[in-house]
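Asks: To convert, count from 1 in the sequence shown and add 506; that's the numbering used here. Backbone N, C-alpha and C define an ideal beta-carbon position, used for all residues, glycine too.
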Amino acid sequence: MKNIVDLLCSNNYRYEKKYVLSSLNENKFFFHLNRHPFIFERAYDDRFINNIYFDTPSMTCYWDNVIGLSKRVKVRIRWYGDSYGHIQNPILEFKIRNNTLGSKVNFKLREMSIDSELTIDSIHQQFDQLDVSYPIKEFLLSLRMTVMNGYLRKYYISRDEQYRLTYDSELQFLSIRNYHNSFTKIVK
């Protein structure tokens with residue numbers, strides 16, 4: 507099958523770099539950010555971001571990332587606010603990597619509940635109703651839930667609006683199954 511990145515046809519690429527900071531360096535980071543010559547300012551209010559990530563049964567998305575494949579994709583459902591319960595505006599997001607450039611392709615999903623009733627079948631019903639090409643739908647219907655995560659995000663933008671910076675903290679991870687989730691084993 508043609509690479510899913512080619513099928514998604516995104517033309518909104520940007521450079522994206524990620525860095526891991528220990529909590530011991532958090533104060534140093536904000537000290538330097540507040541004195542940076544680009545003059546970073548708060549862009550939005552802080553908010554809690556939640557994701558459910560998907561992969562093929564053979565973990566293709568994961569392994570493409572590990573080996574550093576130049577064209578790769580991550581698939582997730584993203585929502586903001588409470589991690590559990592009724593979710594009003596979930597978004598299916600393809601996070602695309604093409605060499606050093608990144609992009610996203612989003613699709614709105616119907617309201618859903620993150621609770622013990624959530625199954626891969628209910629997710630696949632949502633995927634099946636999307637207005638996407640057959641190869642993309644076929645890819646989506648091959649996916650399984652792998653992990654759920656959440657974090658608090660702070661947003662910054664340079665005064666000239668050429669650079670954006672986000673800072674994530676309070677990271678939480680939860681192994682998620684395709685059926686019978688209790689949502690009780692959160693790792694912080």
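Flag this pair as yes or no: are the beta carbons of R603 and R582 separated by less than 8 Å?
Replies: no
Asks: Taking P596 as the reference, which of Y568, D570, N557 has the closest Cα?
Replies: It is N557.
Asks: Hey, L647 and H630: beta-carbon distance below 8 Å or not?
Replies: yes
Asks: Taking only the alpha-carbon atoms, compute the straight-line gap between F536 and R548 and give it to the nearest angstrom.
Replies: 12 Å
Asks: Measuring CA to CA, which of D674, Y586, R584 is closest to V526?
Replies: D674
Asks: Compute the Euclidean distance between the alpha carbons of M507 and M565, then round it to the nearest angstrom.
Replies: Residue placement at M507 is flagged as unreliable, the pLDDT there being 41, under the threshold of 50; a coordinate-derived value is accordingly withheld.
Asks: What is the rounded straight-line gap between the Cα of F544 and the Cα of Y640?
Replies: 45 Å
Asks: Residue range of the beta strand (DSSP E) that E599 falls in?
Replies: Counting along the chain, the beta strand (DSSP E) containing E599 begins and ends at 597–604.
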